[in-house]
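Enquirer: Every number in the numbering used here is 45 more than the matching position in the sequence shown, counting from 1. The structure's right below; bear with me while I get my questions together.
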Amino acid sequence: MFIQTESTPNPATLKFLPGQAVLEVGTADFPSADTAGDAPLAKRIFAVEGVTGVFMGLDFVTVTKEDAVEWDHIKPSILGAIMEHYQSGDDAFTGAASSGHAEHTGEDGEIVGQIKELLDTRVRPAVAQDGGDITFHGFERGVVYLHMQGACAGCPSSTLTLKMGIENLLRHYIPEVLEVRPVAA
46 MFIQTESTPN PATLKFLPGQ AVLEVGTADF PSADTAGDAP LAKRIFAVEG VTGVFMGLDF
106 VTVTKEDAVE WDHIKPSILG AIMEHYQSGD DAFTGAASSG HAEHTGEDGE IVGQIKELLD
166 TRVRPAVAQD GGDITFHGFE RGVVYLHMQG ACAGCPSSTL TLKMGIENLL RHYIPEVLEV
226 RPVAA
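Structural data, given as structure tokens:
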């Protein structure tokens, strides 16, 4: 098994590509070891000292480390954990993967539908290339609230991505959008 790695815009996060499916659908975010209950793959990766987060997509795993830890020291152990997982035959995640977006009820349903459509077709594929995900959290009085996961969470360029990229895109296509703000999980 050959596992490729790619750097991400977030220096604390590295993207691992095992060359086979990680999840069947959606994404799964594990911001700490105690959230990895239904995820044998995440548990194995969290066993590596210095790992602070695991995010899974369809064909990749993004791992976030402590700032004080060097990638050169933990990358071989993470690669070993991923290989061990695939050799075990276990599923990566036995829970329900997230489709990502929060439900929205109310009079802004048509606008929210347009926002989700743009996120799904224009934004999410691009940020998945960098090992992350951005999902709809809410829309209120012209403000779109988005949740950043994986490499996007804590990334130094995330504010620029939100303001200059996503906000401009949404405002261009949907005049009712005035601003985009990040939210914590």
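The beta carbon of each residue, even a glycine, is placed where N, CA and C say it ideally should be.
Tell me the DSSP secondary structure of residue 182 in three-state form.
Expert: In the structure shown, residue 182 sits in a strand (DSSP, three-state: E or B).
Enquirer: With respect to the alpha helix (DSSP H) encompassing residue 128, which residues constitute its N-terminal and C-terminal limits?
Expert: 116 to 133 is the extent of the alpha helix (DSSP H) around residue 128.
Enquirer: Would the region 49 to 66 and the region 159 to 176 be scored as touching if the rule is three or more Cβ pairs under 8 Å?
Expert: Touching, per the Cβ criterion.
Enquirer: Can you tell me the Cα-Cα spacing of residue 99 and residue 91, whole angstroms?
Expert: Roughly 8 Å separates the two Cα atoms.
Enquirer: Hey, how far is the Cα of residue 168 from the Cα of residue 127?
Expert: Near 28 Å, if we compare the C-alpha coordinates of residue 127 and residue 168.
Enquirer: Three or more beta-carbon pairs under 8 Å between the region 100 to 108 and the region 193 to 212, yes or no?
Expert: The region 100 to 108, when compared against the region 193 to 212, does touch it at the 8 Å Cβ threshold.
Enquirer: Can you tell me whether DSSP reads residue 52 as helix, strand or coil?
Expert: Residue state, collapsed to three classes: strand.
Enquirer: When the Cα atoms are used, what is the spatial distance from residue 113 to residue 93?
Expert: In a straight line, the C-alpha of residue 113 is about 14 Å away from that of residue 93.
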